[in-house]
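> The structure follows.
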């Protein structure tokens with residue numbers, strides 16, 4: 001498991017492009033037959049992936065100091081690849097592409113498999129500390145009524161699918177969902193916001209291989225950018241904006257953890273205040 005430490009906003013002002021990428025960008029996800037995990041000290045969020053050719057079991061290292069991964073954590077999983085199965089303590093949950101699974105604290109055995117090894121599942125993972133156990137729940141994308149926001153005039157027409165949040169699936173602090181941009185739209189989360197009470201992780205996918213994603217971060221008056229490619233993620237501390245634009249439309253998964261689970265708890269930033 002790779003460990004990333006917290007970064008003070010004053011320090012970000014002096015970071016080079018390479019240093020920004022080292023601290024906030026997550027690359028190398030969805031490698032065949034590999035579970036990749038990045039542990040962030042920002043609200044102790046873990047982001048990672050599992051891409052099984054043969055069955056892959058979720059294990060735990062000394063970074064967590066526990067006997068099994070979900071001893072004191074909860075887990076959100078969204079599949080962005082071919083169909084697959086997540087087995088939780090012997091119970092199998094079949095996840096088609098863009099289906100999700102919430103796994104509550106206390107589950108001891110998590111095994112990932114793909115239905116077709118030529119088109120393997122790509123399980124994206126977010127995990128946050130938990131204080132109580134909530135039931136494991138499968139969430140199908142087709143069962144969610146999305147919120148339709150934005151317009152083609154502002155290049156941000158999009159559908160927001162809330163997978164794990166208080167009105168749908170109960171969790172301790174993890175909130176997780178997916179935003180799908182309509183064709184011809186390129187901007188997300190703009191006008192932008194911060195939320196000092198929660199951190200966030202974005203995974204960008206469904207980008208053409210030749211496309212580039214420009215993710216904007218930093219304090220509103222000290223913005224920086226990181227260039228991402230398809231199926232890469234970025235860590236957003238609570239003090240940072242998190243917005244982006246790409247050379248093509250795309251989809252992204254957002255995962256949050258922190259003081260509350262109120263989706264609309266945002267500190268909006270006026271466009272004229274951005275620097």
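Residue numbers (the numbering used here): 1 to 275. No residue lacks a Cβ here, since even glycine has one placed at the ideal position from N, Cα and C. Remember, predicted model here, so these are calculated numbers, not experimental data.
Can you name the residues that DSSP bridges to residue 95?
In the chain shown, residue 95 corresponds to position 95, counting from 1. Per DSSP, 84.
> Residues in the same chain with beta-carbon distance under 6 angstroms from residue 30, minus the five sequence neighbours each way, listed in chain order, please.
Start at 1 with the first residue of the chain shown, and residue 30 comes out as number 30. The residues are 49, 51, 122, 231.
> According to DSSP, is residue 267 helix, strand or coil?
If you number the chain shown from 1, residue 267 lands on position 267. It is a strand residue.
> Quick one, which of 161, 117, 246, 228 has its alpha-carbon nearest residue 27's?
In the chain shown, the residue the question calls residue 27 occupies position 27. Measuring from the Cα of residue 27, the nearest candidate turns out to be 228.
> Could you tell me whether the Cβ atoms of residue 224 and residue 20 are closer together than 9 angstroms?
Start at 1 with the first residue of the chain shown, and residue 224 comes out as number 224. Start at 1 with the first residue of the chain shown, and residue 20 comes out as number 20. Yes, these two residues count as a Cβ contact at 9 angstroms.
> Taking the alpha-carbon of residue 194 as reference, which of 267, 131, 168, 233 has the nearest alpha-carbon?
Numbered from its first residue, the chain shown carries residue 194 at position 194. Here the closest residue by C-alpha is 267.
> Should the stretch 151-162 be regarded as contacting the stretch 184-193, the criterion being three or more beta carbon pairs within less than 8 angstroms?
Yes, since at least three Cβ pairs between the stretch 151-162 and the stretch 184-193 fall closer than 8 angstroms, the two stretches touch.
> Between the stretch 133-146 and the stretch 98-105, can you find at least three pairs of beta-carbon atoms closer than 8 angstroms?
Yes, since at least three Cβ pairs between the stretch 98-105 and the stretch 133-146 fall closer than 8 angstroms, the two stretches touch.
> Can you tell me where the beta strand (DSSP E) with residue 198 in it begins and where it stops?
Taking the first residue of the chain shown as 1, we reach residue 198 at position 198. Start and end: 198-205.
> What are the complete beta strand (DSSP E) segments, minimum 3 residues, inside the stretch 10-67?
Runs of the beta strand (DSSP E) inside the stretch 10-67: 34-40, 46-51.
> With a 10 Å radius around its C-beta and 16 neighbouring C-beta atoms as the bar for buried, classify residue 3 as buried or exposed.
Here residue 3 corresponds to residue number 3 of the chain shown, with the count starting at 1. Exposed, by the Cβ-count rule.
> As a quick exercise: from 218, 76, 73, 183, pick the residue whose alpha carbon is nearest that of residue 208.
Mapped onto the chain shown, residue 208 falls at position 208. When only C-alpha atoms are compared, the closest one is 183.
> Round the Cβ separation of residue 134 and residue 171 to the nearest angstrom and send it over; I've been treating them as touching at under 8 angstroms.
The sequence position of residue 134 within the chain shown is 134, counting from 1. The sequence position of residue 171 within the chain shown is 171, counting from 1. About 6 angstroms; that satisfies the 8 angstroms criterion.
> Taking residue 256 as the reference, which of 76, 214, 180, 248 has the closest Cα?
Along the chain shown, one-based indexing puts residue 256 at 256. For residue 256, the nearest C-alpha among the options comes from 76.
> Could you give the DSSP three-state label for residue 154: helix, strand or coil?
The residue labelled residue 154 in the question sits at position 154 within the chain shown. Residue 154: helix per DSSP, three-state reduction.
> By the DSSP assignment, the beta strand (DSSP E) with residue 74 in it spans what residues?
The residue labelled residue 74 in the question sits at position 74 within the chain shown. Residues 73-79.
> Hey, is the stretch 68-75 in contact with the stretch 105-115, meaning 3+ C-beta pairs nearer than 8 angstroms?
Judged by Cβ distances under 8 angstroms, the stretch 68-75 makes contact with the stretch 105-115, as three or more pairs qualify.
> I want to know whether the stretch 160-171 touches the stretch 261-275 - three or more CB-CB distances under 8 angstroms.
With the cut-off at 8 angstroms, the stretch 160-171 and the stretch 261-275 touch.
> Would residue 196 be called buried (16 or more neighbouring beta carbons within 10 Å of its own) or exposed?
Taking the chain shown and counting its residues from 1, the one referred to as residue 196 is at position 196. Looking at its Cβ environment, which holds fewer than 16 other Cβ atoms inside 10 Å, residue 196 is exposed.
> By Cβ distance below 6 angstroms, which residues in the same chain neighbour residue 43 in space, the five residues on each side in sequence not counted?
Working through the chain shown from its first residue, we reach residue 43 at position 43. Correct list, in chain order: 199, 257, 258.
> Please list the terminal residues of the continuous beta strand (DSSP E) segment that includes residue 176.
Along the chain shown, one-based indexing puts residue 176 at 176. Unbroken beta strand (DSSP E) run through residue 176: 175-181.
> Relative to the C-alpha of residue 86, which residue among 60, 66, 114, 59 is closest?
In the chain shown, residue 86 corresponds to position 86, counting from 1. Closest option to residue 86, Cα to Cα, is 114.
> Would you mind reading off the limits of the beta strand (DSSP E) that contains residue 124?
In the chain shown, the residue the question calls residue 124 occupies position 124. Residue 124 -> beta strand (DSSP E) spans 123-129.
> Can you list, in chain order, the residues of its chain whose CB lies under 6 angstroms from that of residue 8, leaving out five sequence neighbours each side?
The residue given as residue 8 occupies position 8 in the chain shown. Correct list: empty, nothing qualifies.
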